[in-house]
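Protein chains: 2
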Amino acid sequence: MQLAQNLDIGDYLIAPEPSATRLTRAVQGVDHNGDETTIRVVEERPLTIFLNKQEIVTAMTIGDYPEYLALGFLRNQHMVRDDDEITRVDYDEELETVVVRTARSTDYEEKMRRKTRTSGCAVGTVFGDMMEGLGDVVLADTPVRTSWLYVLSAKINRTPSLYLEAGAIHGTVLCQGDRPLVYMEDVGRHNAVDKIAGWMLSEKATSEDKILYTTGRLTSEMVIKTAMMGIPVLASRSGFTAWGVEIAQQVGLTLIGRMKGQRFVCLSGEERLIRDADPAQVAEEPRRAGRKGSKT
Amino acid sequence: MQLAQNLDIGDYLIAPEPSATRLTRAVQGVDHNGDETTIRVVEERPLTIFLNKQEIVTAMTIGDYPEYLALGFLRNQHMVRDDDEITRVDYDEELETVVVRTARSTDYEEKMRRKTRTSGCAVGTVFGDMMEGLGDVVLADTPVRTSWLYVLSAKINRTPSLYLEAGAIHGTVLCQGDRPLVYMEDVGRHNAVDKIAGWMLSEKATSEDKILYTTGRLTSEMVIKTAMMGIPVLASRSGFTAWGVEIAQQVGLTLIGRMKGQRFVCLSGEERLIRDADPAQVAEEPRRAGRKGSKT
């Protein structure tokens, strides 16, 4: 089996647009030698999200997919349900607001009193709710081939992105088999995941046949969001947290981290893995070609 | 001038404890070859913070400094002021709660209604408040020598930490001159900063003579927190965001990013810099010695 080494950008339904000028800004400063230098830094703008008449949150975002961010945020906070009829989504660029309207009338005044700050951010989620909702989650047994993981990893790592260009940003990619579909980035890791949730809601996409790949660490919140989105597999280049692993094991999510070249570690849901690739055949990663700034 | 290459752990008032067993957990799984493997992953536990009678937030944290986290969080949310008399701070390990009590009676019911999810998390902060509070900030003109930055960078990068050991974690270090003082880590970058704020409040430490160094990206929220803590210099290995730069320029903070070996970029507050080091003399960074897992 030959692992694809060439990037097939045609795979993507939504790919990053690192040269989209409105997502980065040129800023002048000085370098270590005292010489003037101009670098591109990623944009970060406030976006206020309303659900019907209620103001819910202001999110700082790079501003590329405000409607998906709003929809996905609300969905992942359980304020919008998968079976809700979304009547309108209105983005006002000047006011930097998005209003999501549903046929069902909503009132989350009470829900918004309690907040959880997780290792990322779960504004508006009642901690108890967050854990309770997981009790109902049943994730599909969909098998995942290790050959897919290697191909995805290679394709995603080679995709030109803001991450590679300007640093300071997190990416999450919705995948199917060995095909990356929707690559979202943002300054906040949770924004990137919410944008994917918003896209899935908008497109009425299935979740049980998907894999979520992230550049970020596999915290409890990432695991919870992935499970709540009905996606049975979460993979990352990065590391784990103990609670994230525990939750993954509880809900039966396949959790794969520390993916580099041929290596990875699976700490949950190993039963979904079909080992159809010979790790020794997988190319080592090239050394950080083209990375400006540090990933964080 | 000779740049220190040897780590002087005696510098630290608080240093990371990567071998502290309660901060990481051994977890079993399988590797890419299907062989059983055991890796250490960082802990992540909920900590509920109360201010007097009011429950404020639940934070996910590695759990090393719950009292500092609570104090610093409340301080950075402007719920506890620098001149408040803190009468008690009680941590209950079993209930995983911390109660901070002040002489002044407090009621933040109204304040907690509005939330901002920033690129990290600013739970409980009214977005408008966050920006307004900045108008009053005046940061000291304290000069910062580039030789200090190089020494700090080298010392911090060589300090054994959970970051290096288990990945999946962010570190922030309070420094003075070329001396790192307090190195805090946590799964959430903002927790690490809040723990430092809590330490500073507890020790009544001065801020105008300090430098804050972080492994994380220089988002608007990091810049705002640093400014609100009265620290005039913020430095990182990582990248910037446009809003972070803008705010830094507005409040007159010295903002230095992309620090690697001899290189760095300063996008704000260059006037504080005293270039007393020859960049050419600064050693290149060693290649990622000892890094397990990926940094995110």
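Protein sequences, first through last, are from chains H and E. Under the numbering used here, read the first sequence as residues 1 to 296, first letter to last. Under the numbering used here, read the second sequence as residues 297 to 592, first letter to last. Note that CB positions come from ideal geometry on N, CA and C, so glycine has one too. Since the model is a prediction, treat every value here as computed from it, not as a measurement.
CB-CB length for residue i against residue j, believed under 8 Å
i	j	result
Ala493 of chain E	Glu44 of chain H	Rounded, the Cβ-Cβ distance is 22 Å, inconsistent with contact.
Arg571 of chain E	Thr383 of chain E	Actually they do not touch by this definition, with Cβ atoms about 47 Å apart.
Asn33 of chain H	Pro439 of chain E	The pair is not a contact, with the Cβ atoms about 18 Å apart (cut-off 8 Å).
Pro312 of chain E	Thr455 of chain E	6 Å
Leu430 of chain E	Gly548 of chain E	At roughly 11 Å, the Cβ-Cβ gap does not stay under 8 Å, so Leu430 of chain E and Gly548 of chain E are not in contact.
Thr24 of chain H	Leu47 of chain H	That belief does not hold up - the Cβ atoms of Thr24 of chain H and Leu47 of chain H are roughly 17 Å apart, past 8 Å.
Ile345 of chain E	Ile352 of chain E	5 Å
Val27 of chain H	Val41 of chain H	5 Å
Gly553 of chain E	Ser532 of chain E	5 Å
Leu370 of chain E	Leu347 of chain E	6 Å
Glu517 of chain E	His466 of chain E	The pair is not a contact, with the Cβ atoms about 13 Å apart (cut-off 8 Å).
Ala227 of chain H	Val137 of chain H	5 Å
Asp194 of chain H	Asn76 of chain H	6 Å
Val376 of chain E	Thr398 of chain E	6 Å
Leu13 of chain H	Leu181 of chain H	5 Å
Asp141 of chain H	Arg272 of chain H	7 Å
Limits of the unbroken beta strand (DSSP E) element including residue i
i	result
Gln262 of chain H	No beta strand (DSSP E) holds Gln262 of chain H; DSSP gives it neither H nor E.
Met200 of chain H	Met200 of chain H -> not in any beta strand (DSSP E); alpha helix (DSSP H) instead, spanning Arg189 to Glu203.
Glu351 of chain E	Gln350 to Thr357
Arg384 of chain E	Ile382 to Asp388
Gly29 of chain H	Thr24 to Asp31
Ala602 of chain E	Residue 602 of chain E is absent from the model: chain E starts at 297 and stops at 592.
Thr344 of chain E	Arg341 to Leu347
Ala531 of chain E	Val529 to Ser532
Ile211 of chain H	Ile211 to Thr214
Arg475 of chain E	Arg475 to Asp482
Arg101 of chain H	Thr97 to Thr102
Residues that residue i contacts on chain H, provided the C-beta gap is smaller than 9 Å
i	result
Phe346 of chain E	Per Cβ cutoff of 9 Å: no residues; Phe346 of chain E is ~13 Å from chain H at best.
Arg341 of chain E	Ala242 and Trp243
Gly429 of chain E	Result: empty, since nearest Cβ-Cβ is about 15 Å, beyond 9 Å.
Delimiting residues of the alpha helix (DSSP H) encompassing residue i
i	result
Ala283 of chain H	Unbroken run through Ala283 of chain H: none, as it is neither H nor E.
Leu37 of chain H	The identity of residue 37 of chain H in the sequence shown is Thr, whereas the question assumes Leu. No alpha helix (DSSP H) contains Thr37 of chain H, which is instead part of the beta strand (DSSP E) from Glu36 to Val42.
Gln250 of chain H	Ala242 to Val251
Glu517 of chain E	Ser516 to Met524
Leu470 of chain E	Element bounds for Leu470 of chain E: not the alpha helix (DSSP H) but the beta strand (DSSP E), His466 to Gln472.
Arg81 of chain H	It is not in any alpha helix (DSSP H) - Arg81 of chain H carries neither H nor E in the DSSP assignment.
Neighbouring residues, chain H, relative to residue i (Cβ below 7 Å)
i	result
Ile335 of chain E	Val265
Arg350 of chain E	Note that residue 350 of chain E is Gln in the sequence shown, not Arg. In chain order: nothing, as chain H lies at least about 11 Å away.
Distance cut-off 7 Å: residue i Cβ against heavy atoms of the ligand GTP
i	result
Val529 of chain E	Of the ligands one can find in the structure shown there are none, so the ligand GTP has no counterpart to examine.
Cross-chain neighbours of residue i in chain E, by beta carbon under 7 Å
i	result
Val233 of chain H	Within 7 Å Cβ-Cβ: nothing; Val233 of chain H doesn't reach chain E, min ~14 Å.
Met229 of chain H	Per Cβ cutoff of 7 Å: no residues; Met229 of chain H is ~18 Å from chain E at best.
Met200 of chain H	Within chain E, no residue comes near Met200 of chain H; the closest Cβ sits about 20 Å away, beyond 7 Å.
- Task: Residues of the segment 502 to 523 of chain E with a CB closer than 9 Å to any CB of chain H: list them in chain order, please.
- Result: Thr510, Thr511, Gly512, Arg513, Leu514, Thr515, Ser516 and Glu517
- Query: Is there contact between the segment 528 to 538 of chain E and the segment 495 to 513 of chain E, where contact requires at least three CB pairs shorter than 8 Å?
  - Reply: yes
- Message: Would you call the segment 510 to 518 of chain E in contact with the segment 380 to 395 of chain E, where contact means no fewer than 3 C-beta pairs closer than 8 Å?
- Response: no
- Using a Cβ-Cβ cut-off of less than 8 Å, give me the residues of the segment 243 to 255 of chain H that come near chain E, in sequence order. Trp243, Gly244 and Val245
- Query: Touch check for the segment 200 to 208 of chain H and the segment 245 to 258 of chain H: three-plus C-beta pairs under 8 Å?
  - Reply: no
- Given a limit of 9 Å on CB to CB distance, which residues of the segment 10 to 32 of chain H reach chain E? Thr24, Arg25, Val27, Gln28, Gly29, Val30, Asp31 and His32
- Segment contact, 8 Å Cβ cut-off, at least three pairs: the segment 53 to 72 of chain H with the segment 94 to 110 of chain H: yes
- Query: Taking a cut of 7 Å between CB atoms, which residues from the segment 268 to 284 of chain H lie near chain E?
  - Reply: Glu270, Arg275 and Pro279
- Got a sec: which bits of the segment 360 to 378 of chain E sit with their beta carbon under 7 Å from any beta carbon on chain H, in order along the chain? none
- Decide yes or no for the touch test of the segment 145 to 161 of chain H against the segment 256 to 271 of chain H: beta carbon pairs closer than 8 Å, at least 3 of them. yes
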